[in-house]
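Enquirer:
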Amino acid sequence: MGAGFPLGTKRCLALPGLKWLLWFWLLAATSEAFYFPGLHPITHCEEGHPNSHCLPSIQVYADKLYSVENMATYDYDSFDFCQDALKKSPSENLGKIISGEQTMSCPYKFSFNKEETCRKVCVKSYAPEDEDQMRRLAFLKGGIKQNYYHRWVIDSTRVIWCYDKEDKSPYCTLGFPIGCFKDPNSQLKIPCLNNSEFKNNSLYLFNHVDITITYHMESDTTGNVAKLISSRVEPKSYKHTDENHLTCNEPPLEIPEDEDYFSVIYTYSVKFEAIPPPSHSPVPIPANSLPTPIHSSEGESKTVKWSSEWDHDIESATEVNILWIRLVNSFFVVLTLCGLVIIVILKSICRDIIKCNRIKPPMYNWRRFGWRMIHGSIFRLPKYGMLLSVFLGQGTQVFIMAFFSLFLAGLGFLTPADRRALVNYGIVLWFLLEIPAGYVSAKMYKTFRGGKWKTHFLLTTLLFPGIVFTDIFIMNLSLWMEGSSAAISFDSLATIFTLCFGVSTPLTFLGVFFGKRDKFQFPVRAYQTRRVRTQRRFFTKPTITIILGSLLPFGCMFLQLSYILNRIWSPHMYYLFAFLFLIFLILMISCSEVTVLLCYFRLSVEDYGWWWRAFLTSSFTSTYILMYAIHYFFTKLHVIDIGSIFVYFGYTLILVLVFFLFTGTIGFFSCFSFITAVYGVMKVR
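Residues -33 to -1, 1 to 652 in mature numbering (1 follows the signal peptide of the UniProt record, and there is no 0) are what the sequence shown spells out, letter by letter.
Below, the structure written as structure tokens:
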């Protein structure tokens, strides 16, 4: 008799895991007090300060330049801007290589609390007779027309640019444009379109930046030191005529369309604003709190601490509230599905099992319980069992990786401020999870009585990584052709290839070695004679159930998908990992419940071909995600070049493949556990 909870005088199906759910909510309730963002403040002081650990100088670093119209990104030195002679760059790691991000120093250097006005950085000249100079100027013009943005970093904080939107509400973004092409017919709402000094159909270069750095002072044993809170920049265009007498009040610098002699004087101004430190040391502001109004009006009382420096990237409370409303809607959908599953389990299955187990053999009425009639065929092995086992192994790997990544990020152990660190962590975790992937795949293949172990091992090792590597290689070719800095070098590709197949192969072999020793045990024996299936009704046909069944899981995450894609294809960081973890749980539960319900309906009409349908019912959610990604591309993005199209759909293919494996594995094991539990508590005579 199977284990479970008592119902009347018999035992019915168990609902395990309740105590683990309680432990999870207990941990989640206490986790608000811990947040390890992966960043540490740097103390600064004025020159001559006795503290040798504080820095009097401030260095500006530049990340890759990005555009909303072109997926190709470029390093700072790809454009003809002022270059730093030393070109210092933080150490590289695998995450930086794959993400294509390279941070390098800029020639903008200044001392703490020393204000400067209209300081010259360098001069760039372009002569028509110099082909190299004209080529660099043409590349700069193209970058302005495609709306490329700088991304600067000062003291491990992103430099932000704040401006007023059309409704006069302030808006801050990471990065600022390199210039402006005033096209009145453009669909993009570029702030320079509202500048009355700019002429239509003209190119303007932002050759000056006003930098404002806010800080608060702290006391130490040697005196007062400062911690930088935020860095803001205001790009401007000035047509400087005399580099020895700079005033920064000249008219805008228009780039001529014809090939005349043209020179650019780059300048900057910097000022420092002291902010009173907090009077106490509260718990760091969580990611879903209200943003700090760093663009507040003059005279407003401001009290900010270093731990709140990233609040500028947190959206307004209105958007966060909308996301929570959407999450509540998805939660009620899951509750409805839970109610249906409970009705099926408690009212239908348990009642049928109790009645059947009480009836004596001569009085059987098999037609009353259709699912019971196919007990001799329910565990008949599926076709293409090797491929299914490989999918389940890779899906288990994706599930564990997603669970731990989102869980740790939600607790704050993974910083949302650095995507490269997330990529680095994901790669290491993926390699370690090759062991459970090989174990689950081998155990399922052993259950399916497979004998081609070499082929199975090669598929488990190479199928999913091979598809991803091929996809990345094709995207890389398109980026190579455009000269983008996001392209991975050949040496880096060889390193990734070696890691993928040199590290993952022995780990997968280890998992397969232990997995093939055991197999899943079925509660009832499969008959050798294949049972003739009854005629299917329209609503139980495989195609209909797969298409309709995957709509509910997709509907639970559909409302949040647009926000997630906006964050993926924008420079903004995604910080709501706790929110994303809840979406992950809702998607997992909805896939499980829908698959169990449709599985029961198929058994009720005596259809025992459930293996592949259990996997495909929930994995078809990835098809809807692909359809939405295509819709998002044509309605939200303004991409026109072929290389960017390859990049977008290349990453979309990886995302869809991940969802295919993840949702399919959840649905399969939910249905497998349900059927095993149902037929494990019935008496087979």
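All residues carry an ideal CB built from backbone N, CA and C; glycine is no exception.
What would DSSP say about TYR228, mapped onto helix, strand or coil?
Expert: Residue state, collapsed to three classes: coil.
Enquirer: Looking at the unbroken alpha helix (DSSP H) that takes in GLU449, where does it start and where does it end?
Expert: First-last of the alpha helix (DSSP H) with GLU449: 420 to 449.
Enquirer: Check for me: the alpha helix (DSSP H) holding GLY522 runs from which residue to which?
Expert: Taken as a continuous stretch (DSSP letters only), the alpha helix (DSSP H) holding GLY522 covers 518 to 535.
Enquirer: Do TYR392 and TYR235 have their C-beta atoms closer together than 8 angstroms?
Expert: Not closer than 8 angstroms, so no.
Enquirer: Taking the alpha helix (DSSP H) that CYS147 falls in, what are its first and last residues?
Expert: Counting along the chain, CYS147 falls outside any alpha helix (DSSP H), though it belongs to the beta strand (DSSP E) covering 146 to 148.
Enquirer: Reducing DSSP to helix, strand and coil, say where ASP42 ends up.
Expert: Looking at ASP42 - three-state DSSP - the assignment turns out to be coil, as it is neither helix nor strand.
Enquirer: Specify, as a first and last residue, the run of the beta strand (DSSP E) that ILE463 falls within.
Expert: Looking at the DSSP string, ILE463 is not in any beta strand (DSSP E); the run it does join, the alpha helix (DSSP H), is 457 to 469.
Enquirer: Leaving out five residues before and five after ILE553 in sequence, what residues of the same chain have Cβ atoms less than 6 angstroms from its Cβ?
Expert: So the qualifying residues of the chain are SER297, VAL301 and CYS523.
Enquirer: Taking 8 angstroms as the threshold (C-beta atoms), are THR422 and GLY405 in contact?
Expert: Contact: no.
Enquirer: Just how far apart, CA to CA, sit ASP131 and CYS85?
Expert: Their backbone Cα atoms lie some 24 angstroms apart in a straight line.
Enquirer: How is the beta strand (DSSP E) around TRP35 delimited, first residue to last?
Expert: What sits at residue 35 in the sequence shown is Val, not Trp. Run containing VAL35: none; DSSP gives neither H nor E here.
Enquirer: Just the Cα atoms here: how many angstroms apart are ALA119 and PHE636?
Expert: Going by the sequence as given, residue 119 is Trp instead of Ala. Answer to the nearest angstrom: the Cα atoms are 47 angstroms apart.
Enquirer: For LEU117, does the count of other Cβ atoms within 10 angstroms reach 16, so buried, or fall short, so exposed?
Expert: The question names Leu, but residue 117 in the sequence shown is His. Buried: at least 16 other Cβ atoms inside 10 Å.
Enquirer: By a C-beta neighbour count over all protein chains shown, 10 Å radius and 16 as the cutoff for buried, is ASN443 buried or exposed?
Expert: Buried: at least 16 other Cβ atoms inside 10 Å.
Enquirer: According to DSSP, HIS20 sits in a beta bridge with which residue or residues?
Expert: Its beta-bridge partners do not exist; DSSP assigns none.
Enquirer: Around the Cβ of TYR228, are there at least 16 other Cβ atoms within 10 angstroms (buried) or fewer (exposed)?
Expert: TYR228 should be labelled exposed.
Enquirer: Just to confirm my understanding: we take LEU381, look at its own chain, exclude 5 residues before and 5 after, and list those with CB closer than 8 angstroms. What are they?
Expert: Here the set comprises GLY5, SER372, LEU375, ALA388, LEU389, TYR392 and PHE544.
Enquirer: For ARG580 and CYS558, I'd like the C-alpha separation in whole angstroms.
Expert: C-alpha separation (whole angstroms): 13 angstroms.
Enquirer: Leaving out five residues before and five after THR208 in sequence, what residues of the same chain have Cβ atoms less than 8 angstroms from its Cβ?
Expert: Contacts found: GLU217.
Enquirer: Tell me which residues share the same chain as ILE642 and place their Cβ nearer than 6 angstroms to its Cβ, disregarding the 5 neighbours each side in the sequence.
Expert: There are no such residues.
Enquirer: For a quick check, are the C-beta atoms of THR40 and ALA453 less than 8 angstroms apart?
Expert: Yes. Within cutoff.
Enquirer: From the DSSP output, read off the bridge partner residues of TRP578.
Expert: According to DSSP, which records beta bridges pairwise, TRP578 is partnered with nothing at all.
Enquirer: Can you check which of these residues, PHE79, ILE592, ILE531 and HIS11, is closest to GLU185 by C-alpha distance?
Expert: Looking at the Cα atoms, HIS11 is the closest of the given residues.
Enquirer: Do you know offhand how far PRO223's Cα is from LYS108's?
Expert: PRO223 and LYS108: Cα-Cα distance of roughly 10 angstroms.
Enquirer: Am I right that GLN113 and GLU13 are in contact with their C-beta atoms under 8 angstroms? What's the rounded C-beta distance?
Expert: With 8 angstroms as the limit, GLN113 and GLU13 do not qualify as a contact, their Cβ atoms being about 42 angstroms apart.
Enquirer: Give me, in chain order, the residues of the same chain whose beta-carbon lies closer than 8 angstroms to that of LEU429; leave out the 5 immediate sequence neighbours on both sides.
Expert: Closer than 8 angstroms at Cβ, skipping near neighbours: PHE468.
Enquirer: Going by Cα to Cα distance, which pick from SER230, THR465 and PHE457 is closest to CYS89?
Expert: That would be SER230, whose Cα lies nearest to the Cα of CYS89.
Enquirer: Which residues mark the beginning and the end of the beta strand (DSSP E) in which ARG569 is found?
Expert: First-last for ARG569: 544 to 571, but that is the alpha helix (DSSP H), not the beta strand (DSSP E).
Enquirer: Since ILE242 and TYR182 are thought to touch, with beta carbons under 8 angstroms apart, how far apart are those beta carbons, to the nearest angstrom?
Expert: About 7 angstroms; that satisfies the 8 angstroms criterion.
Enquirer: Which same chain residues, not among the five before or five after ALA94, have their C-beta less than 7 angstroms away from its C-beta?
Expert: Answer for ALA94: GLN100 and TYR228, listed in chain order.
Enquirer: Helix, strand or coil: which one does DSSP assign to LYS81?
Expert: Coil, per DSSP.
Enquirer: ILE178: which of LYS166, LEU195 and GLU164 sits nearest, CA to CA?
Expert: ILE178 has its Cα closest to that of LEU195, out of LYS166, LEU195 and GLU164.
Enquirer: Hey, ASP438 and ILE292 are a contact pair by Cβ (cut 8 angstroms); roughly how many whole angstroms apart?
Expert: Not quite, the Cβ-Cβ distance comes to about 36 angstroms (not below 8 angstroms), so this is no contact.
Enquirer: Identify whether HIS11 lies in helix, strand or coil by the three-state DSSP scheme.
Expert: HIS11: strand per DSSP, three-state reduction.
Enquirer: Find the nearest neighbour of PHE415 within the set SER640, TYR575 and LEU354, judged by alpha-carbon distance.
Expert: For the residues SER640, TYR575 and LEU354, the minimum Cα distance to PHE415 belongs to LEU354.
Enquirer: Does DSSP classify ALA644 as helix, strand or coil?
Expert: If DSSP states are grouped into helix, strand and coil, ALA644 belongs with the helices.
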